[in-house]
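Trainee:
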Amino acid sequence: MLLAMSIGVAAVVLLTGIGNGARGYIVNEFSSLGTNLIIVIPGRAETASGTLSTLAGRTPRDLTLDDAKALTRNSRVTRVAPLNIGEMSAARGRRERQVPVLGSTASFLKIHHLQMSRGTFLPEGDATLARPVCVIGNKISRELFADQSPLGEQIRLAGYRCRVIGVLEGQGRSLGMDTDELVVVPVAFAQMLLNTESLFRILVEVQHSEAIDKVKTFIGDTIRQRHYGEKDVTIITQDSVLATFDTIFQVMTVTVAGIASISLAVAGILIMNVMLMSVSQRTAEIGLCKALGAARGQIMLLIVSEALLLSAFGGCLGLALGLAGARIASWLYPALDATPPFWAIGAALGTALLTGLIFSLMPARRAAGLDPILALSRR
Amino acid sequence: MQHAMIQLQDICRTFVVGDQEVRAMDHVSLTVRQGEYLSIMGPSGSGKSTLLNIMGLLDTPDSGTYLLEGKDVTRLQDKELASIRNRKIGFIFQFFHLIPRLTARQNIELPLLLAGVGKSERQKRSSSLLERFGLATRSHHRPEELSGGQRQRVAIARAVVTRPAVLLADEPTGNLDRESGNEIVELMEELNRDGLTLVVVTHDQNIGTRARRTIEVVDGRISLDKVVP
Ligand SMILES: Nc1ncnc2c1ncn2[C@@H]1O[C@H](COP(=O)(O)OP(=O)(O)OP(=O)(O)O)[C@@H](O)[C@H]1O
Ligand SMILES: [Mg+2]
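Chains A and B, in that order, give the protein sequences.
Taking the working numbering, the leading residue of the first sequence gets -17, the next gets one more, and so forth.
Taking the working numbering, the leading residue of the second sequence gets 5, the next gets one more, and so forth.
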């Protein structure tokens, strides 16, 4: 009984904790980018229209540098950063390692709120120029150059020579990238290194978050125009990611609620049995108390409070379990702050108590309804 | 002449067991005056306990009226009944019915606890009763550590701790040897001399005849009502 009760409470506490943590993680990731950011990804998210267009023999067009350039033509858009990402080897002399290489433009520094530790970031100017320069992360600098200054030195990226012009300040992770271990190059150079014409995605920074919706339509229209009437991109904002997450979380919540309510129902029925047994064991005592002047209400109160005590105990046990579980989750995934919200703790405990109350009413009523004469005549 | 404590008028009580009706009380009328000492006798199954239970408000009659101290208590809510049982009526049973988990003192204080009497007052009253009933050294003993006579004395103390007007005893000596039985009867008679109305159901001729007034119940009717002058 205690077990079932604790499982119910623990499930609620743990899963709301993780859900809360995950949501916080997403919000956090985005806040490092700013809430007024729009991400444009090639291809449509809706599977239905996707399959339709593939059936029609039209594969979605890739995003290009020209697309990115076109997106700057709106007064509400402050910055646009095209993006390409790939893994390749970075070498200096005999030192070599695999690094994530990110191709972008000067705008990326501001959009991503990056800081330079030394040197300069990518130069402003024509994005189609494949200048062989790069900005490297702190850790890469240390690994390739040890204590030496890397500024002005050459490294080889996938065999191509390129000059280091700056070192990034380490800022931890953001959008799945560790700036300590990043190599940033001009986007055209990255396209050459990766041997592609297309872009991985385009980041669009908007004046302020109220303008987001307007810019979204602008982006959609622009892309449709440029892609022969086909809006073959997905436009992501923090809100849309959160919305997607919330749908997932809702499904999860329903599942948790299911598990919790089943185990609470089991707990409730077990409580009822325990209380019924305790009532029948103490038939004589209860009858006696009635004979001595205990009213029905008093007897019911006695039984119900006993059950409440039991369920409070089970609930606290479950709470401890759930909190411990959330701790472990936070420990396993440090990025996730899996602290269950207070309302969830309250609600879980409250439901546990409510279960105890509801399921003890029947035994309590039976106890209160005992005929003192019959109860006492039994030996 | 003392005023009437218990007035039963035309009381009927029928039990239905299966498809059989048992008329345990058949148009019984009885008046017990304040301070009276009444014993109820009669063959087994004649309805003595039923009569006592009705007097003690543990059972309600099918018909007839019951006036307790002049007040009609025939049709009262559970809460009022419980309160009257607690304040006005003391019960003693053949099998003591003490709560095994509680000490003698706790058992005695139970009715006060149910009535919501404060701790110091409870202790004061239970202490004086323990003293008076010769149980002072037994206050922390549990019922199983007490002899039958001692248990019944605890039960009497519990019955009178709320200072009731009536003491109802259903075969209080039925489970005791002659000697402790006598002790119990003397204790009850002493309480009666102090003004407590006493009604005792008994099979024991010796005890029955000690009462000033004896009634005999046969087949749910009062067949004899005898007052010793
Ligand atoms: N709760 C009950 N349900 C059914 N029948 C009952 C009930 N209580 C008493 N009776 C019946 O009513 C009749 C009177 O019972 P009661 O207990 O009053 O007798 P009694 O005089 O006290 O007997 P005894 O001397 O054996 O204690 C009996 O026939 C008994 O079987
Ligand atoms: Mg009887």
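Here a beta-carbon is modelled for each residue, glycine too, at the ideal position from N, C-alpha and C.
(1) Under 8 Å Cβ to Cβ from residue 138/B, same chain only, skipping five residues before and after it: list those, please.
(2) Determine the chain B residues that contact residue 267/A at a beta-carbon separation under 7 Å, and present them in chain order.
(3) Quick one: give me the first and last residue of the alpha helix (DSSP H) that residue 103/B is part of.
(4) Could you give the DSSP three-state label for residue 196/B: helix, strand or coil?
(5) If you follow the alpha helix (DSSP H) that residue 88/A is part of, which residue opens it and which one closes it?
(6) Mark residue 259/A as exposed unless 16 or more other C-beta atoms lie within 10 angstroms of its C-beta, in which case mark it buried.
(7) Let me make sure I understand the geometry here. Which of 90/A, 60/A, 65/A, 171/A has the alpha-carbon closest to that of residue 114/A?
(8) Is any heavy atom of ligand 1 found at a distance shorter than 6 Å from the C-beta of residue 28/B?
(9) What would DSSP say about residue 68/B, mapped onto helix, strand or coil?
(10) Near ligand 2, which residues have their beta-carbon closer than 7 Å to a heavy atom?
(11) Can you check DSSP and say which residues form a bridge with residue 288/A?
(12) Is residue 19/B near ligand 4, going by C-beta to nearest heavy atom under 6 Å?
(13) Should residue 31/A be labelled buried (16 or more other beta-carbon atoms within 10 Å of its own) or exposed?
(14) Roughly how many whole angstroms lie between the Cα atoms of residue 339/A and residue -14/A?
(15) With a threshold of 7 Å between beta carbons, is residue 83/B in contact with chain A?
(16) Along the region 278 to 299 of chain A, what residues have a CB closer than 9 Å to any CB found in chain B?
(17) Just to confirm, does residue 68/B get its C-beta within under 6 Å of one of the non-hydrogen atoms of ligand 1?
(18) Pick helix, strand or coil for residue 351/A, following the three-state DSSP scheme.
(19) Which chain A residues are close to residue 191/B, counting only those with a beta carbon under 8 Å from its beta carbon?
(20) Taking 7 Å as the CB-CB cut-off, is residue 129/B touching chain A?
(21) Could you name the residues of chain B that residue 358/A contacts, counting a contact when the two beta carbons are closer than 7 Å?
(22) Does the Cβ of residue 173/A have 16 or more other Cβ atoms within 10 Å, making it buried, or fewer, making it exposed?
(23) Comparing the CB of residue 49/B with every heavy atom of ligand 1, is any distance shorter than 6 Å?
(24) To the nearest angstrom, how far is the alpha carbon of residue 203/A from that of residue 216/A?
(25) Let me see if you follow: with CB-CB separation under 7 Å, is residue 179/B close to chain A or not?
(26) With 16 other CB atoms within 10 Å as the buried threshold, where does residue 341/A fall?
(27) Could you give the distance in angstroms between the alpha-carbon of residue 96/A and the alpha-carbon of residue 150/A?
(28) From this set, 97/B, 231/B, 49/B, which residue's C-alpha is nearest residue 216/B's C-alpha?
(29) Quick check on residue -3/A - is its C-beta less than 7 Å from some C-beta in chain B?
(30) Kindly list the residues whose CB is nearer than 7 Å to the CB of residue 39/A, restricted to its own chain and excluding five residues on each side of it in sequence; keep chain order.
(31) Could you tell me which of 266/A, 254/A, 194/A sits nearest to residue 20/A, measuring between CA atoms?
(32) Indicate whether residue 18/A and residue 223/A have their beta-carbon atoms separated by less than 7 Å.
(33) Locate the alpha helix (DSSP H) running through residue 376/A, then write down its first and last residues.
(34) In the DSSP assignment, the alpha helix (DSSP H) including residue 207/A goes from what residue to what residue?
(35) Name the two residues that bound the continuous alpha helix (DSSP H) containing residue 171/A.
(36) For the beta strand (DSSP E) containing residue 173/B, name the first residue and the last one.
Mentor: From the atom records:
(1) 157
(2) 103
(3) From DSSP, residue 103/B is part of no alpha helix (DSSP H); its letter is neither H nor E.
(4) In the structure shown, residue 196/B sits in a helix (DSSP, three-state: H, G or I).
(5) Residue 88/A -> no alpha helix (DSSP H), and no H or E assigned at all.
(6) exposed
(7) 171/A
(8) yes
(9) strand
(10) 52/B, 53/B, 174/B, 175/B, 205/B
(11) Looking at the DSSP assignment, residue 288/A forms no beta bridge with any residue, so it has no partner.
(12) This structure simply doesn't include ligand 4; it includes ligand 1 and ligand 2 instead.
(13) Low confidence applies here, because residue 31/A scores a pLDDT of 43, under 50, leaving its location unreliable; read the following figure in that light. By the neighbour-count rule (16 or more Cβ atoms within 10 Å), residue 31/A is not buried but exposed.
(14) Taking the straight line from one Cα to the other gives about 16 Å.
(15) Interface with chain A (7 Å Cβ-Cβ cutoff): residue 83/B is included.
(16) Correct list: 278, 279, 280.
(17) no
(18) coil
(19) None at all; the shortest Cβ gap to chain A is about 19 Å.
(20) no
(21) 97, 101
(22) Counting of Cβ neighbours within 10 angstroms places residue 173/A among the buried residues, the total reaching 16 or more.
(23) yes
(24) 12 Å
(25) no
(26) Residue burial is scored here from C-beta neighbours: residue 341/A has at least 16 other C-beta atoms within 10 angstroms and is therefore classed as buried.
(27) 7 Å
(28) Among 97/B, 231/B, 49/B, the Cα nearest to that of residue 216/B belongs to 231/B.
(29) Not flagged as an interface residue toward chain B: residue -3/A, since no C-beta distance is shorter than 7 Å.
(30) The predicted position of residue 39/A is uncertain, since its pLDDT is 46 and thus under 50; no value can be drawn from it.
(31) Ranking 266/A, 254/A, 194/A by Cα distance to residue 20/A puts 194/A first.
(32) Residue 18/A places its beta carbon 7 Å or farther from that of residue 223/A.
(33) Absent from the structure is residue 376/A, since the part of chain A shown begins at -17 and ends at 361.
(34) 194 to 208
(35) Residue 171/A -> alpha helix (DSSP H) spans 169 to 176.
(36) Looking at the DSSP string, the run of the beta strand (DSSP E) that includes residue 173/B is 170 to 174.
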